[in-house]
Structures are given as C-alpha cells and as structure tokens.
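Under this note's numbering, read the sequence shown as residues 1 to 194, first letter to last.
Glycine included, each C-beta is placed from N, C-alpha and C at the ideal position.
From a predicted model like this one, the values you see are computed outputs, not experimental measurements.
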Amino acid sequence: MELEIRTAQQYDCFAIAELALMAGEGIPAHFWESGRTGDEPIEAVGARNAASEDENFSYRNAHLALIDGKIAGMLLAYRLPASEESDDLNELPEFIRPLVELEQCVPDSFYINMVASYPEFRSQGVGTALMGVVDQLAVDAGCDTVSIEVFDQNEGALRLYQRLGFDVIETRPVIPHPCHPYTGNIVLLTRPVN
Numbered sequence: 001m002e003l004e005i006r007t008a009q010q011y012d013c014f015a016i017a018e019l020a021l022m023a024g025e026g027i028p029a030h031f032w033e034s035g036r037t038g039d040e041p042i043e044a045v046g047a048r049n050a051a052s053e054d055e056n057f058s059y060r061n062a063h064l065a066l067i068d069g070k071i072a073g074m075l076l077a078y079r080l081p082a083s084e085e086s087d088d089l090n091e092l093p094e095f096i097r098p099l100v101e102l103e104q105c106v107p108d109s110f111y112i113n114m115v116a117s118y119p120e121f122r123s124q125g126v127g128t129a130l131m132g133v134v135d136q137l138a139v140d141a142g143c144d145t146v147s148i149e150v151f152d153q154n155e156g157a158l159r160l161y162q163r164l165g166f167d168v169i170e171t172r173p174v175i176p177h178p179c180h181p182y183t184g185n186i187v188l189l190t191r192p193v194n
C-alpha cells in the first residue's frame, strides 16, 4: 500500500465535495441545497463551490491523501483572518455563529476546517498522514498556532485531537439545527506549531 499526500487541483473538486459532506456534519449540505438546480446532485453544487479561487472552501486550501493512486481522504485547512477582517456574526445564520465566534478567538491561526476519509480507506492511517502535513502548511502560511473545532459529543475526534497535542481553550453552546445531530458544546482546540 502506497500512501501519498498531494495538493488538490481543480479537477479534484467533486471528491472534495464528497469528503466535505462526510466531514461537515450536515452543514455543507444545508448551504449547498440553495444552489441546486433541478435534480442535480448536492455534490455538484459543492464541487462548484470548491472550484472557487478565493473562498476558504476551495481546492486551493485542500490536500488529498491517495492510497495506490486513489483519493482516500482530504484535509481542508487555511490561515484564519486577522481579527479586524473577521465576519460580521449578524450576517450569518444563527446556528453557524458559535462556530465563527470560536474561529474569531484565534485570529491568524492555521485552522483545520475538515479532515475526512472515504469509508473504505478508514483505519489505514489516512487521517494521521493528513494531520502530519499540518505543521509545514502552518509554517508556510506564517502561523505559529494550529486550531480546530469539534462538537463535544464527537468524543472520538475530541480524544484524537487531544492525543495529537491540542488543548481545549474555549467552548460555545451548540445552537440546535435540523442539518446536524448535535447538542452540547462546540469545542475550540489549539496547539503550537511543532
């Protein structure tokens, strides 16, 4: 088995959309639904969004893990804006605000938005390999801190991030919404770049 990590290209956008649906806990689908035309698959809307050159959800911010040449997983990560460039929370849907509020607690950090792998490639080191490139990407982006958010009810992910050296620094209550199954809290974790 050969596992490699490469920078995503525009032709990878459909796979990026598929993996974002797996990682996004229903949130991407909620936003992409309004962009659907006819019986178009939701992944096609996500692929169009991922083709963006200047949005955070862009192939330009994605790295892919390949096993024997097949896309196995994705890391979507980027530098968060400085505090004065942050989104206006009042312009966002209410259930998204706690997530963005937490992002605003760590301006200029290297933010891991999504890590996902296709089911058939799970437990094969894909997530570990993707997380293994984060420090170099953070350095390349001029960041000295890495940040990530997780729902506290996703206990396995929370434990994994803590094992990887992340510490909880802040939480916000989840605002329930039909697009995701969570209640409880959203947890912001950070760690210094190694």
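(request) Evaluate Thr190 with the Cβ neighbour count: other Cβ atoms within 10 Å of its Cβ, from every protein chain shown; 16 or more gives buried, anything less gives exposed. (result) Here residue 190 refers to the residue found at position 190 when the sequence shown is read from its first residue. With at least 16 other beta carbons inside 10 angstroms of its own, Thr190 counts as buried.
(message) Pull the bridge partners of Met74 from the DSSP assignment, please.
(response) Working through the sequence shown from its first residue, we reach residue 74 at position 74. The secondary-structure analysis by DSSP pairs Met74 across a beta bridge with Leu64 and Ala116.
(request) Taking all protein chains shown into account, decide if Tyr78 is buried (16 or more other Cβ within 10 angstroms of its Cβ) or exposed. (result) As a first step, residue 78 must be located in the sequence shown, where it is residue number 78. Tyr78 comes out buried.
(request) In angstroms with no decimal places, state the Cα-to-Cα distance between Asp167 and Phe110. (result) Here residue 167 refers to the residue found at position 167 when the sequence shown is read from its first residue. Here residue 110 refers to the residue found at position 110 when the sequence shown is read from its first residue. In a straight line, the C-alpha of Asp167 is about 15 Å away from that of Phe110.
(request) Leaving aside the five residues before and after Asn56 along the sequence, list all residues of the same chain whose C-beta is less than 6 Å from its C-beta, in chain order. (result) As a position in the sequence shown, residue 56 is number 56, starting the count at 1. So the qualifying residues of the chain are Tyr78.
(message) In the DSSP output, what is Glu4 paired with across the bridge?
(response) Position 4 of the sequence shown, counting from 1, holds the residue named residue 4. Leu66, per the DSSP bridge assignment.
(request) Kindly indicate which three-state DSSP category Asn185 falls into: helix, strand or coil? (result) Taking the first residue of the sequence shown as 1, we reach residue 185 at position 185. Note: Asn185 maps to strand in three-state DSSP.
(request) Give me the Cβ distance between Ala62 and Gln10, rounded to the nearest whole Å; I'm assuming they're in contact under 8 Å. (result) As a working note, residue 62 is residue 62 in the sequence shown. As a working note, residue 10 is residue 10 in the sequence shown. Contact flag wrong, Cβ pair sits at about 10 Å.
(request) Look at Arg172 and Pro81 and say whether their C-beta atoms are less than 7 Å apart. (result) Locating residue 172 in the sequence shown gives position 172, counting from the first residue. Locating residue 81 in the sequence shown gives position 81, counting from the first residue. Inclusion of Arg172 and Pro81 in the CB contact set at 7 Å is not warranted, their separation being larger than that value.
(message) Quick check on Gly127: buried or exposed, where buried means 16 or more other Cβ atoms within 10 Å of its Cβ?
(response) Mapped onto the sequence shown, residue 127 falls at position 127. Residue environment analysis places Gly127 among the buried positions, since at least 16 neighbouring C-beta atoms fall within 10 angstroms of its C-beta.
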